[in-house]
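J.:
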């Protein structure tokens with residue numbers, strides 16, 4: 001698990017480094033940092049669900065209730081998708097306003113506004129992944145995560 005977390009951290013660091021090589025590096029890195037900050041905030045809910053579904057699935061499988069464990073998986077995934085879609089909708093609706101919370105630079109704010117649809121998609125996808133990792137951990141597949 002430590003390798004996966006390390007790779008994910010290195011991946012984001014590499015993206016920031018590559019953003020520095022773009023035409024307008026300062027604006028690109030600023031906008032990317034704002035988007036990653038928002039992504040980090042939105043993923044905290046799914047990290048909490050990661051722990052909850054991990055415990056729930058492991059308890060149900062330990063009690064030899066695989067159907068209940070599967071039901072817990074379905075409920076957790078549907079809930080995380082719904083939360084991700086809700087957060088994505090909030091981002092898309094407020095894309096003209098929320099960049100001002102982070103920057104006064106109009107060029108950076110405009111780039112963040114342009115990146116918002118991609119950020120919204122990442123929010124939905126990244127809300128589901130930790131929940132599925134929690135299921136894998138609860139099922140005893142820690143090495144796979």
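Numbering (full-length UniProt numbering), first residue to last: 1 to 145. We put the CB at the ideal spot given by N, CA and C, even for glycine.
Would the beta-carbon of residue 46 fall within 8 Å of that of residue 6?
T.: No, these two residues do not count as a Cβ contact at 8 Å.
J.: Along the chain, where does the alpha helix (DSSP H) containing residue 130 start, and where does it finish?
T.: It spans 106–138 - the alpha helix (DSSP H) in which residue 130 sits, taken as one unbroken run.
J.: Buried or exposed, going by whether 16 or more other CB atoms sit within 10 Å of the CB of residue 56?
T.: When all chains shown are included, residue 56 counts as buried.
J.: Is it buried or exposed, residue 30, if we count other Cβ atoms within 10 angstroms and call 16 or more buried?
T.: Burial call: buried.
J.: Applying the 10 Å Cβ sphere with the 16-neighbour rule, what's the burial state of residue 88?
T.: Buried, by the Cβ-count rule.
J.: Taking the alpha helix (DSSP H) that residue 71 belongs to, which residues open and close that run?
T.: First-last of the alpha helix (DSSP H) with residue 71: 66–93.
J.: Taking DSSP as the reference, what is the three-state secondary structure of residue 96?
T.: If DSSP states are grouped into helix, strand and coil, residue 96 belongs with coil.
J.: When we look at the beta-carbon of residue 107 and count the other beta-carbons within 10 Å, is it buried (16 or more) or exposed?
T.: Exposed, since its Cβ has fewer than 16 Cβ neighbours within 10 Å.
J.: CA-CA distance, residue 64 and residue 15?
T.: Going from the Cα of residue 64 to the Cα of residue 15 covers about 44 Å.
J.: If residue 60 sits next to residue 69, beta carbons under 8 Å apart, how far is it from one beta carbon to the other, in whole angstroms?
T.: About 4 Å separates the two Cβ atoms, so the contact holds.
J.: Alpha carbon to alpha carbon, how far is residue 111 from residue 140?
T.: So the alpha carbons of these two residues sit roughly 43 Å apart.
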